[in-house]
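Here the structure is laid out as structure tokens; the discussion comes afterwards.
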Amino acid sequence: MGIIRRLFLPNQYVKSIHEIDFDALKEKNIKGVITDLDNTLVGWDEANPTPGVEAWFKGLSERNIKVTIVSNNNEQRVKSFSSSLNVDYIFKARKPLGKSLNKAIQQMDLNKEEVVIIGDQMLTDVFGGNHNGLYTIMVVPVKNSDGFATKLNRMIERRLLNYFKRKGYINWEE
1 MGIIRRLFLP
11 NQYVKSIHEI
21 DFDALKEKNI
31 KGVITDLDNT
41 LVGWDEANPT
51 PGVEAWFKGL
61 SERNIKVTIV
71 SNNNEQRVKS
81 FSSSLNVDYI
91 FKARKPLGKS
101 LNKAIQQMDL
111 NKEEVVIIGD
121 QMLTDVFGGN
131 HNGLYTIMVV
141 PVKNSDGFAT
151 KLNRMIERRL
161 LNYFKRKGYI
171 NWEE
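Count the sequence shown with UniProt numbering and you get residues 1 to 174, in order.
So this is what it looks like as structure tokens:
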């Protein structure tokens with residue numbers, strides 16, 4: 001498999017977190033979820049979890065799947081969002097670097113083969129997860145607007161998505 005495909009192609013691609021079949025993941029022996037926050041769970045400018053996001057976390061808890069929110073955002077943003085859900089978090093994660101992902105896996109007391117990472121960005125979430133041997137799920141961003149650095153990432157991402165489509169590696173539409 002080519003290096004670009006191995007590092008940037010997610011294992012799974014869904015329109016939103018609500019399309020993820022956690023019973024199917026349990027069958028793959030997934031016991032933990034690392035999830036991004038901004039534009040994965042809610043829009044980057046939404047302070048609190050929506051009722052749908054709260055229900056999603058409850059569904060994970062009912063299946064005894066551990067969750068850690070790992071975000072590149074600041075402590076205030078990540079802490080206030082995560083504490084209302086009573087889940088662990090890591091802020092200023094510096095994804096795609098693996099240190100924060102490995103820390104989350106250790107905090108959940110799991111092996112990387114038992115953990116999935118969910119996020120909306122190919123260059124941070126998918127690359128970081130693939131590079132560190134995690135199962136990766138990419139979601140369509142909740143909002144179409146982004147900060148400056150993310151806009152740059154999205155331009156590169158579009159090129160990668162087009163490349164994967166041309167090569168026949170993906171069959172989804174945004």
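Ideal Cβ positions, reconstructed from N, Cα and C, are used throughout, including at glycine.
I'd like to know whether the C-beta atoms of residue 230 and residue 138 end up nearer to each other than 8 angstroms. The shown model of the chain, from 1 to 174, leaves out residue 230, and the question about it has no answer.
Starting from residue 88, follow its DSSP beta bridges and name the residues at the other end. Locating residue 88 in the sequence shown gives position 88, counting from the first residue. Listed as beta-bridge partners of residue 88 by DSSP are 68.
Under 7 angstroms Cβ to Cβ from residue 11, same chain only, skipping five residues before and after it: list those, please. On the sequence shown, position 11 is the one that residue 11 refers to. Correct list, in chain order: 135, 136, 137.
Taking the C-alpha atoms as reference points, what is the distance between residue 20 and residue 14? Position 20 of the sequence shown, counting from 1, holds the residue named residue 20. Position 14 of the sequence shown, counting from 1, holds the residue named residue 14. Between residue 20 and residue 14, the C-alpha separation is close to 7 angstroms.
On the DSSP letters alone, give me the boundaries of the beta strand (DSSP E) that residue 52 sits inside. Within the sequence shown, numbered from 1, the residue matching residue 52 stands at position 52. Boundaries around residue 52 are those of the alpha helix (DSSP H), 51–62, since no beta strand (DSSP E) includes it.
For the beta strand (DSSP E) holding residue 17, just list the boundary residues, first then last. Working through the sequence shown from its first residue, we reach residue 17 at position 17. Careful: residue 17 lies outside any beta strand (DSSP E) and carries neither H nor E.
Cβ-based neighbour list, residue 31, same chain, cut-off 8 angstroms, excluding 5 preceding and 5 following: Within the sequence shown, the letter at position 31 stands for residue 31. Around residue 31: 64, 65, 66, 108, 110, 114, 115.
In terms of residue numbering, what span does the alpha helix (DSSP H) encompassing residue 32 cover? The residue you call residue 32 lines up with position 32 of the sequence shown. First-last for residue 32: 32–35, but that is the beta strand (DSSP E), not the alpha helix (DSSP H).
Start and end residues, alpha helix (DSSP H) containing residue 170: Counting from one through the sequence shown, the residue named residue 170 turns up at place 170. Note, residue 170: premise wrong, no alpha helix (DSSP H); not H, not E.
For a quick check, are the C-beta atoms of residue 68 and residue 95 less than 8 angstroms apart? Residue mapping note: residue 68 aligns to position 68 of the sequence shown, counting from 1. Residue mapping note: residue 95 aligns to position 95 of the sequence shown, counting from 1. Taking the C-beta atoms as reference points, residue 95 is found no nearer than 8 angstroms to residue 68.
At what residues does the beta strand (DSSP E) containing residue 119 begin and finish? As a working mapping, residue 119 is identified with position 119 in the sequence shown. Residue 119 -> beta strand (DSSP E) spans 115–119.
Roughly how many angstroms separate the alpha carbons of residue 161 and residue 60, rounded to a whole number? One-based indexing of the sequence shown puts residue 161 at position 161. One-based indexing of the sequence shown puts residue 60 at position 60. Roughly 29 angstroms separates the two Cα atoms.
Using DSSP with H/G/I as helix, E/B as strand and the rest coil, what is residue 42? Indexing the sequence shown from 1 puts residue 42 at position 42. Strand.
Mind checking who residue 78 pairs with in its DSSP beta bridge? Start at 1 with the first residue of the sequence shown, and residue 78 comes out as number 78. The partner list for residue 78 (beta bridge, DSSP) is empty, contrary to what the question assumes.
Pull up the CB-CB distance for residue 91 and residue 102, whole angstroms please, since I reckon it's below 8 angstroms. Here residue 91 refers to the residue found at position 91 of the sequence shown. Here residue 102 refers to the residue found at position 102 of the sequence shown. The pair is not a contact, with the Cβ atoms about 16 angstroms apart (cut-off 8 angstroms).
Nearest CA to the CA of residue 17: which residue from 4, 37, 9, 27? Here the question's residue 17 lines up with position 17 in the sequence shown. Just measuring C-alpha positions, the residue of 4, 37, 9, 27 sitting nearest residue 17 is 37.
Whose C-alpha, out of 158, 133, 130, 120, is nearest the C-alpha of residue 141? Sequence index remark: in the sequence shown, residue 141 carries index 141 (1-based). The shortest C-alpha to C-alpha distance from residue 141 to any of 158, 133, 130, 120 is the one to 120.
DSSP state of residue 108 mapped onto helix, strand, coil: Start at 1 with the first residue of the sequence shown, and residue 108 comes out as number 108. It is coil, neither helix nor strand.
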